[in-house]
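*Asks:*
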Amino acid sequence: MIVLNGKDLAKKIQNKIKEDVELLKKASITPGLAVIMIGDDPASQVYVKKKAEACKEAGIYSVVHEMPENIKEETIINTIKLMNENQNINGILVQLPLPPHINQTKILEAIDPKKDVDGFHPYNMGRLCLDLDSFVPCTPLGVMKIFEEYGIDVKGKDVCIVGASNIVGKPMAALLLNEFATVDICHIYTKDLKEHTKRADIIIVAVGKAGLITEDMVKDEAIVIDIGINRLENGKLAGDVDYDNVAHKCSHITPVPGGVGPMTIAMLLSNTIKATKLKTSE
Ligand code: GUN
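First residue of the sequence shown? That's 65 in our numbering, and the numbers climb one at a time after it.
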């Protein structure tokens, strides 16, 4: 059984990005990322802090716009418009989830698609589905990088994705389909989850429910990718997979923490560099 070490791969990618940034800086270009964070959700605060720290470490300029929970939609959109126009900003990210009174679609559509480093704008999502060059959402992109690094060819494989969110499940399915995997997407209304997971060569789970994927749901020698991050009552972090009982059956598995999580951040930095280079080549 091989543990897919996203932490080390993310480090390797971030070191390469640091070199890219140094080269850009020699040409008087400093990549810039604007993060908009609304409310005080503790998990979002942790993610935003990690993103800002990673930017700093890589030499990328970053600014975090923190806004209160009761902010008006219009104020957020005006901030995005300012960032769209700001020449020092190459990437814009609005941390999700948003408070219920804010229309997420309106917010994401306000971002200039050329600065959409999260790849959540319908323009980029559409291009991804058509297998055209686009900004690709960071978490599924990170999973594809793990496959590449470990020589896992998804072509013709049966992949079961558990969780059909716009930020993970759907773009993950598009990326895999573009690489000719056979993709099965399960969600809360799936009648018999085990029936789907049990058949899969690769299981990718992003639900947010600790222990959802148990030993009996996984076939021997399967590849298991765990995108869940759950805080247990004892304070420890766990994924959606019952790792201790599932790992021995797998050919490859990602741990939590240290699997997909660090790759999400590395891909955000990578997308920010891509946006910077896109602008310089205009
Ligand atoms: N919330 C959970 N994951 C993400 C992500 O990748 N990007 C943003 N903006 N918000 C998130």
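Even glycine gets a Cβ: it sits at the ideal position worked out from N, Cα and C.
Residues in its own chain within less than 6 Å of L239 by CB, not counting five upstream and five downstream?
*Replies:* Taking L239 as the centre and dropping the five residues before and after it, the same chain places the C-beta of P204 and M208 closer than 6 Å to its C-beta, in chain order.
*Asks:* Let me know the alpha helix (DSSP H) ranges lying completely inside the segment 268-316, each 4 residues or longer, listed in chain order.
*Replies:* 307-310
*Asks:* Quick test of your reading: K224 and T328, contact by CB under 8 Å. State the CB separation rounded to the nearest angstrom.
*Replies:* Here residue 224 turns out to be Cys, not Lys, going by the sequence shown. Contact flag wrong, Cβ pair sits at about 21 Å.
*Asks:* Is it the case that the Cβ atoms of V128 and A118 are separated by a distance below 7 Å?
*Replies:* In this structure, A118 does not lie closer than 7 Å to V128 by Cβ.
*Asks:* From this set, A122, M236, H251 and I249, which residue's C-alpha is nearest V324's C-alpha?
*Replies:* If we check each option's Cα against that of V324, M236 comes out closest.
*Asks:* By a C-beta neighbour count over all protein chains shown, 10 Å radius and 16 as the cutoff for buried, is M65 buried or exposed?
*Replies:* Residue environment: M65 is assigned as exposed (fewer than 16 neighbouring CB atoms within 10 Å of its CB, all protein chains considered).
*Asks:* I want to check one thing, is the minimum distance from the CB of L192 to the heavy atoms of the ligand GUN below 6 Å?
*Replies:* no
*Asks:* Would you please state the rounded distance, in angstroms, between the beta carbons of D265 and K234? I believe it to be under 8 Å.
*Replies:* In fact, because the Cβ distance is near 20 Å, the residues do not count as touching under 8 Å.
*Asks:* In chain order, what residues have a CB nearer than 6 Å to some heavy atom of the ligand GUN?
*Replies:* L157, V158, Q159, L160, D182, C202, T203, I231 and T328
*Asks:* Pull up the DSSP beta-bridge partners for S126, would you.
*Replies:* According to DSSP, S126 bridges with L97.
*Asks:* Label T336 either buried or exposed according to how many other C-beta atoms from any shown protein chain fall within 10 Å of its C-beta, with 16 as the threshold for buried.
*Replies:* Answer is buried; the Cβ neighbour count reaches 16.
*Asks:* Thinking Q159 and S108 are a contact (beta carbons under 8 Å), I'd like their distance in whole angstroms, please.
*Replies:* Taking a contact as a CB-CB distance under 8 Å, the pair Q159 and S108 counts as one, their CB atoms being some 5 Å apart.
*Asks:* Quick one: what's got a C-beta closer than 8 Å to Y111's C-beta in the same chain, skipping five residues either side?
*Replies:* Q159
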